[in-house]
Structures are given as structure tokens and as C-alpha cells.
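> One rule links them: number in the working numbering = place in the sequence shown (from 1) + 1076. We put the beta carbon where it would ideally sit given N, CA and C, even for glycine.
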Amino acid sequence: MHSDPIIFTIFLIFAGAAALATLALYARQSLLVVYIVLGVLLGPSVTNLVSDPALIKSLSHIGIIFLLFLLGVNLGPQKLIEQFRMSTIVTGASSLLFLLTGGVLALLLGFSPIEALVIGAAMMFSSTIIALKLLPTTVLHHQHTGEIIISILLFQDLIAILILMLLPADWQAGFPFMQILKLLASLFGLLVFALL
């Protein structure tokens, strides 16, 4: 039907985003909600104008690349090193707190230990992409607070990688005590290193 589905899809997304974003600004609504609503409207559940998941996945990678590029532009290596200690302490302490809190609550609600661990791990993280989008430009570019927030988000991403490394383990064979101990030891070691 369309000679170039990529161009057509990009056109639909940008045109729809521009139209709905204009309405959202007048209504003082969050643009993030608008983008989600646009996806629902253009997706298979409503109009089915955008129905190729592989194509959307490829386009989403481009968007993530640009957002992370923006992060790198506004946070140089020197700033990251300067914020290392504070960011590591805050990230490590908050990650352990949310992991334990989420895990204990999940156990109290009747989840298995493995399910409780996954739920606790999920509570440890923020979305770097959404946080960057929500940060005002003045905070992102100039203020000390913005630099700390970005540093914390980066360390959370590193911890998320450690968590994801546990997921392929054969948990059906038993609770992965050694993997969990390694993860907790890594977080503790990170905190100790930051305090030195």
C-alpha cells in the first residue's frame, strides 16, 4: 500500500505527535501521556496504521540513541568523576533499600522468594529515558542537581545490567544464592569504594 513504510510511519508519528502535543499544551497535560495515547491510536488496537512491531522497534532504537547522546553531551567525563562518590552512595543505598522493601512486601503478599526478588529488583530502578524527558532544560544543562540526577541514573543502569545478568540463570533448579550474593557483594563493594 505504501511504497516506503519507514517514511510513512515516521510521518504519522511526527504529525500525530505535533497535533496531540499542541492540544496537550493547551490542556496542560503531560506530553509523555500524549505519546502513549498516540501509540494506542495508531497501533493495531485502534486504527492499525502502524502495525509492524519490528519497524517500530528499529525506530525506537534511534530515539534512544539520540536521548543517550543528549545525556553524554550534557555530562562530560570530568563531571561524572566529580559526582562519582555522591552518586554511588545514593544509588547503592537506595537500590538496596528498595530491593529489600519490595522483596519483603512481595513475600508478605504470598509471592515465592524468586518472584519477590524480581519484584524487589524492579523497584530499584528509574527510567533514564523518561527522567531525561521530564528534566527541565535548565536543570539538565546548567544546575548541579541535574548533574547528580543524571549520574545516579547512569549508575542505576549499571546495576540493572548486573540484575539482567541473573535472569538467564536456571532458577527452576533452585534459588540462585551464589548469584544473589555476588550481586549484593557488588553493590556493597561499590558503596565501600565510594566512601574511601
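1) Can you tell me whether threonine 1123 is helix, strand or coil according to DSSP?
2) Take the Cβ of phenylalanine 1087 as the centre, count every other Cβ of all protein chains shown within 10 Å, and call the residue buried at 16 or more, exposed below.
3) I'd like to know whether the C-beta atoms of isoleucine 1195 and glycine 1178 end up nearer to each other than 8 Å.
4) Use the C-beta contact count for glycine 1092: other C-beta atoms within 10 angstroms, 16 or more gives buried, fewer gives exposed.
5) For the candidate residues Asp1233, Leu1229, Ile1224, whose alpha-carbon lies nearest to that of glutamine 1159?
6) At the level of alpha carbons, what is the spacing between phenylalanine 1174 and aspartate 1233?
7) Looking at the structure shown, is phenylalanine 1187 part of a helix, part of a strand, or coil, going by DSSP?
8) Could you say which of Leu1144, Ser1170, Thr1123, Leu1118 lies nearest to isoleucine 1132 if we only look at CA atoms?
9) For threonine 1167, count neighbouring Cβ atoms within 10 angstroms of its own Cβ and tell me buried if that reaches 16, exposed if not.
10) One question on the structure: do methionine 1200 and isoleucine 1235 come within less than 8 Å of each other, judged by their Cβ atoms?
11) Where does methionine 1162 sit, in a helix, a strand or coil, going by DSSP?
12) For the alpha helix (DSSP H) containing phenylalanine 1090, list its first residue and its last residue.
13) Would leucine 1114 and leucine 1125 qualify as a contact pair, given that the criterion is a beta-carbon distance under 8 Å?
14) Could you check the C-alpha separation between threonine 1085 and leucine 1185 for me, to the nearest Å?
15) Report the three-state DSSP secondary structure of aspartate 1233 (helix, strand or coil).
16) Can you give the Cα-Cα distance for phenylalanine 1187 and isoleucine 1237, rounded to whole angstroms?
17) Where isoleucine 1140 and leucine 1230 are concerned, what is the direct C-alpha to C-alpha distance, given to the nearest angstrom?
18) Run through DSSP, which three-state label would leucine 1257 get?
From the atom records:
1) coil
2) exposed
3) yes
4) buried
5) Ile1224
6) 15 Å
7) coil
8) Leu1118
9) buried
10) yes
11) helix
12) 1081–1103
13) no
14) 43 Å
15) helix
16) 24 Å
17) 14 Å
18) helix
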